[in-house]
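Peer 1: Residue numbers (my numbering): 769 to 1050.
#1: Using a Cβ-Cβ cut-off of 7 Å (strictly less than) and excluding sequence neighbours within five positions of residue 846, which residues of its own chain qualify?
#2: Quick one, are the C-beta atoms of residue 908 and residue 915 less than 7 Å apart?
#3: Are the region 956-967 and the region 921-941 touching by the rule of at least three beta carbon pairs closer than 8 Å?
#4: With a cut-off of 8 Å on the beta carbons, I'd call residue 931 and residue 967 a contact; round off their distance for me.
#5: Does DSSP classify residue 794 as helix, strand or coil?
#6: In this structure, how does DSSP classify residue 852 when only helix, strand and coil are distinguished?
#7: Between which two residues does the alpha helix (DSSP H) containing residue 942 stretch?
#8: Work out the CA separation of residue 958 and residue 974 for me, nearest whole Å.
#9: Roughly how many whole angstroms lie between the Cα atoms of residue 888 and residue 882?
#10: At the level of alpha carbons, what is the spacing between residue 886 and residue 933?
#11: Pull up the CB-CB distance for residue 839 and residue 822, whole angstroms please, since I reckon it's below 8 Å.
#12: How long is the line joining the alpha carbons of residue 996 and residue 1004, rounded to whole angstroms?
#13: Among 884, 903, 949, which has the Cα closest to the Cα of residue 1051?
#14: Run through DSSP, which three-state label would residue 889 get?
#15: For residue 1009, does the count of other Cβ atoms within 10 angstroms reach 16, so buried, or fall short, so exposed?
#16: Tell me which residue opens and which closes the alpha helix (DSSP H) that residue 973 is part of.
#17: Buried or exposed: residue 853, going by 16 or more other Cβ atoms within 10 Å of its Cβ?
#18: Output needed for residue 864: all residues of its chain with C-beta closer than 7 Å, excluding positions within five of it in sequence on either side, in chain order.
#19: Output the residue ranges of the alpha helix (DSSP H) runs that lie fully inside the region 836-884 and measure 4 residues or longer, sorted by chain position.
#20: In whole angstroms, give me the CA-to-CA distance for residue 812 and residue 1017.
#21: Entirely within the region 896-941 and at least 4 residues each: give me those alpha helix (DSSP H) ranges in chain order.
#22: From residue 858 to residue 1046, what distance separates their C-alpha atoms?
#23: Would you report the Cα separation of residue 1013 and residue 986, rounded to the nearest angstrom?
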């Protein structure tokens, strides 16, 4: 679920950036990759033996993904999922597909993972957020509520995801409750606080939204995504002069202009729910 509302998921930001896909050279590593898939490009290296079990293929795909070769990594994840009964192999496939913006295919991978292992928290999170990205808000809420109700531990992504879905449905008070529940678990979670501030501004609770973003960006741990969201909240709250001044100080003139243009587009939408949906997740 970009710089600005990865906030709604991680911080779920709206301006999603999908990493560029580099063309790999035919190195030893590439030859190993080809051998895993049983292809012939490096068949001359007969001495090289590579395990074709799904775990080895997933490790190779992870390595490719880390290097920015997302499309190639997805092909390997598909290979691993096809030859294994593990829900985990489908989950990593779904996560990579979602990263590439292929939400329909991602949701199918997560759905199949839930068939293999009903209630798996990562599959529920991936399925719910993919459905949200596809615009199936009610169904997204259904699965994310299941995740929150059944979940445990300190991972608060489930609360961010549910809050994003509830905001997209116009259920802002319930979204605030979801973010607040996450903050009860991790009171210093800056991403959750940013999501909460966005929810406030969607519901015209401007003073609360601005004060919360001041609190967030005054911490040493604040990252550029939080600074962007601070500027966005100010602009959505109608404080354009303050947004410009804060933006130039925090993120520079060029990026400030991008955020201001985004805010202007969002303000043309009639409801907080419309704005939340336009911001989106990734």
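We treat Cβ as the ideally placed atom computed from N, Cα and C, and that holds for glycine.
Peer 2: Taking the coordinates as given:
#1: Taking the first residue of the chain shown as position 1, residue 846 is located at position 78. Non-local beta-carbon contacts of residue 846 in its own chain, meaning distances under 7 Å to residues more than five positions away in sequence, involve 861 in chain order.
#2: By 1-based counting over the chain shown, the position of residue 908 is 140. By 1-based counting over the chain shown, the position of residue 915 is 147. Result no, Cβ atoms of residue 908 and residue 915 do not sit closer than 7 Å.
#3: Counting Cβ pairs under 8 Å, three or more are found: they touch.
#4: Residue mapping note: residue 931 aligns to position 163 of the chain shown, counting from 1. Residue mapping note: residue 967 aligns to position 199 of the chain shown, counting from 1. About 6 Å; that satisfies the 8 Å criterion.
#5: Against the chain shown, residue 794 aligns to sequence position 26. Low local confidence applies: a pLDDT of 31 at residue 794 is under 50, so the model's placement there is unreliable, with the coordinate-based value given in what follows. Note: residue 794 maps to coil in three-state DSSP.
#6: Working through the chain shown from its first residue, we reach residue 852 at position 84. In the displayed model, residue 852 falls within coil according to three-state DSSP, outside both helix and strand.
#7: Taking the chain shown and counting its residues from 1, one reaches residue 942 at position 174. Its alpha helix (DSSP H) spans residues 940-953.
#8: Here residue 974 refers to the residue found at position 206 when the chain shown is read from its first residue. Here residue 958 refers to the residue found at position 190 when the chain shown is read from its first residue. Their Cα atoms are separated by approximately 18 Å.
#9: Numbered from 1 along the chain shown, position 120 holds the residue referred to as residue 888. Numbered from 1 along the chain shown, position 114 holds the residue referred to as residue 882. Using only the alpha carbons, I get a separation of about 6 Å.
#10: By one-based count along the chain shown, residue 886 stands at place 118. By one-based count along the chain shown, residue 933 stands at place 165. Taking the straight line from one Cα to the other gives about 21 Å.
#11: Here the question's residue 839 lines up with position 71 in the chain shown. Here the question's residue 822 lines up with position 54 in the chain shown. That belief does not hold up - the Cβ atoms of residue 839 and residue 822 are roughly 20 Å apart, past 8 Å.
#12: Reading the chain shown from its first residue, position 228 is the one you call residue 996. Reading the chain shown from its first residue, position 236 is the one you call residue 1004. Cα to Cα, residue 996 sits roughly 12 Å from residue 1004.
#13: Nothing about residue 1051 can be reported from this structure: the residues present for the chain run from 769 to 1050 only.
#14: Numbered from its first residue, the chain shown carries residue 889 at position 121. Three-state DSSP puts residue 889 in a helix.
#15: Position 241 of the chain shown, counted from the start, is the residue given in the question as residue 1009. Classification for residue 1009: exposed.
#16: For the purposes of this step, residue 973 is taken as residue 205 along the chain shown, with counting starting at 1. Note, residue 973: premise wrong, no alpha helix (DSSP H); not H, not E.
#17: Locating residue 853 in the chain shown gives position 85, counting from the first residue. With fewer than 16 other Cβ atoms within 10 Å, it is exposed.
#18: As a first step, residue 864 must be located in the chain shown, where it is residue number 96. 833, 838, 841, 842, 845.
#19: Within the region 836-884, the runs of alpha helix (DSSP H) at least 4 residues long that lie entirely inside it are, in chain order, 838-850, 855-867, 871-884.
#20: Numbered from 1 along the chain shown, position 44 holds the residue referred to as residue 812. Numbered from 1 along the chain shown, position 249 holds the residue referred to as residue 1017. Note that residue 812 scores a pLDDT of 34, beneath 50, so its modelled location is shaky; the value from the coordinates is reported in the next line. The alpha-carbon atoms of residue 812 and residue 1017 are separated by roughly 58 Å.
#21: Listed in chain order, the alpha helix (DSSP H) elements of length 4 or more contained wholly in the region 896-941 are 905-918, 925-936.
#22: Position 90 of the chain shown, counting from 1, holds the residue named residue 858. Position 278 of the chain shown, counting from 1, holds the residue named residue 1046. Distance between the alpha carbons of residue 858 and residue 1046 is about 29 Å.
#23: Position 245 of the chain shown holds residue 1013. Position 218 of the chain shown holds residue 986. Rounded to whole angstroms, residue 1013 to residue 986 spans 16 Å at the Cα level.
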